[in-house]
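Visitor:
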Amino acid sequence: MIIKEKVKKNFSRGAKTYDEYAKVQRHMAFVLESFIDGSDKKLNILEVGSGTGIFTEYLLEKFPHSEIHLIDISEEMLDYTREKFKSYKNIEYFLGDAEDCNFTKKYDLIVSNASFQWFNDLEKSIKNLKNQLADGGQLVFSIFAQGTYKELRDSFNEVDQEYDFSQKFRSQKEISAYDQDLELLDDEVYYESYKDIFSFLKSIKSIGANSAKNQQKVLTYGKLKSIEEVYMSRYSRDGNLVVTNHLLYFKLKKTTH
Ligand SMILES: C[S@@+](CC[C@H](N)C(=O)[O-])C[C@H]1O[C@@H](n2cnc3c(N)ncnc32)[C@H](O)[C@@H]1O
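With our numbering as the guide, the letters of the sequence shown map in order to residues 1261 to 1517.
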């Protein structure tokens, strides 16, 4: 179970360093935007978990005359984005948990980049968001999936089997089963490398993506060193740690019946 207060706190802490460290999320935004056709029309667009606005920049370019609503659970993230886009008059900002939100508007496009892995009940959220689509509207999103950080998980488990460090990474099969109209657009494995476990964990923390679960045990330096030893012996290349990110891209089109 993901604790929302922790998600808020972690992402709020990461707001100022996010852009510097969010390499994978930036890549996901780049891929995700390739699946969306722009328009000069005045559309209604919602972005869920907009963070520092990495994906919003694409929306502003592709849909210059649209009304764009951004929702994020972290106030600092929203503040950061508000400042970044202060010259734009077509953005509205909403602070809240998108899993537990009564949207009143219908949207032509709902997007979310790299945020849905933080949702506890993604199936319900996808159904809710589908309800908020105007006829012919689309939900397009990217998500971190099962297999992400698998080397870290294995190394942790070798040293401390009780440690459960991360957000929920669902499988493609699991997500596809949430709604019959979900279409898989791309399935990608993206590797990163870090010089040691400390720089890897620092980068996770700097974007606010550290654990949001309850009763997390304190990790001692000694334990981290043992985890790093396992990691290095099994998953290193040219002296660096290899990190797997499994990325999925989906689309759901609301058809008129
Ligand atoms: C990894 S960041 C992605 C940010 C941005 N979409 C990007 O492409 O860089 C995840 C974002 O989702 C937000 N978030 C997490 N859970 C949320 C929820 N339940 N409702 C709204 N926003 C949420 C976080 O505050 C954070 O800004």
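Glycine included, every Cβ here is placed at the ideal spot set by N, Cα and C.
So, at 8 Å on beta carbons, what are the nonlocal neighbours of Tyr1454 in its own chain, with the 5 sequence-adjacent residues on each side left out?
Guide: Cβ within range, chain order: Phe1460, Ser1463, Asn1500, Leu1501, Val1503.
Visitor: On the DSSP bridge assignment, give the partners of Lys1346 in chain order.
Guide: Lys1346 is not bridged to any residue.
Visitor: Are there 16 or more other CB atoms within 10 angstroms of the CB of His1325, so buried, or fewer, so exposed?
Guide: His1325 comes out exposed.
Visitor: Residue range of the beta strand (DSSP E) that Ser1459 falls in?
Guide: Taken as a continuous stretch (DSSP letters only), Ser1459 belongs to no beta strand (DSSP E), being part of the alpha helix (DSSP H) at 1457-1466.
Visitor: Measuring straight from C-alpha to C-alpha, what distance separates Phe1429 and Tyr1409?
Guide: Roughly 9 Å separates the two Cα atoms.
Visitor: Closer than 7 Å to a non-hydrogen atom of ligand 1 - does that hold for the CB of Asp1357?
Guide: Within the cutoff, so yes.
Visitor: Would Glu1443 and Leu1393 be called neighbours here (beta carbons separated by less than 8 Å)?
Guide: Cβ atoms of Glu1443 and Leu1393: not closer than 8 Å.
Visitor: Just to check, is the beta-carbon of Ser1471 closer than 7 Å to a non-hydrogen atom of ligand 1?
Guide: Incorrect: Ser1471 has no Cβ contact closer than 7 Å to ligand 1.
Visitor: In chain order, what residues of the same chain have a beta carbon less than 8 Å from the beta carbon of Phe1518, not counting five sequence neighbours either side?
Guide: Because the chain in this structure spans residues 1261 to 1517, residue 1518 falls outside the shown range and cannot be described.
Visitor: Identify, in the order they occur along the chain, each residue of the same chain with its Cβ nearer than 8 Å to the Cβ of Ser1486, setting aside the five sequence neighbours on each side.
Guide: Only Val1419 meet the Cβ criterion.
Visitor: Relative to the C-alpha of Phe1404, which candidate in Ala1469, Tyr1353, Phe1354 has its C-alpha closest?
Guide: Of the candidates Ala1469, Tyr1353, Phe1354, the one whose C-alpha sits nearest the C-alpha of Phe1404 is Ala1469.
Visitor: Give me the residue from His1506, Lys1483, Leu1507, Ser1471 with the minimum Cα distance to Lys1264.
Guide: The shortest Cα separation from Lys1264 among His1506, Lys1483, Leu1507, Ser1471 belongs to Ser1471.
Visitor: Any idea which residues DSSP pairs Thr1504 with across the strands?
Guide: Looking at the DSSP assignment, Thr1504 forms a beta bridge with Tyr1451.
Visitor: Should Asp1446 be counted as a contact of ligand 1 given a C-beta to heavy atom distance under 7 Å?
Guide: Asp1446: no, Cβ never under 7 Å from ligand 1.
Visitor: Looking only at DSSP bridge pairs, what is Val1308 linked to?
Guide: Answer is Ile1331.
Visitor: Can the beta-carbon of Ser1372 be found less than 8 Å from the beta-carbon of Glu1307?
Guide: Yes, the pair counts as a contact, with Cβ atoms nearer than the cut-off.
Visitor: Go ahead and pull the three-state DSSP assignment for Asp1279.
Guide: Asp1279: helix per DSSP, three-state reduction.
Visitor: Taking C-beta to C-beta, are Leu1412 and Leu1399 nearer than 8 Å?
Guide: In this structure, Leu1399 does not lie closer than 8 Å to Leu1412 by Cβ.
Visitor: Going by C-alpha to C-alpha distance, which of Phe1271, Gln1440, Ile1296 sits closest to Tyr1318?
Guide: Residue Ile1296 is the option with its Cα nearest to Tyr1318.
Visitor: In whole angstroms, what is the alpha-carbon distance linking Gly1309 and Leu1330?
Guide: Gly1309 and Leu1330: Cα-Cα distance of roughly 7 Å.
Visitor: Looking at the strands, I want to know which residues DSSP matches up with Asn1388.
Guide: Note: Asn1388 sits in no beta bridge, so no partner.
Visitor: Give the DSSP-derived three-state secondary structure of Lys1513 in the structure shown.
Guide: In this structure, Lys1513 counts as strand in the three-state DSSP scheme.
Visitor: What number of angstroms, rounded off, separates the C-alpha of Gln1285 from the C-alpha of Leu1303?
Guide: Cα-Cα distance, rounded: 25 Å.
Visitor: Residues in the same chain with beta-carbon distance under 7 Å from Gly1396, minus the five sequence neighbours each way, listed in chain order, please.
Guide: Correct list, in chain order: Lys1514, Thr1516.
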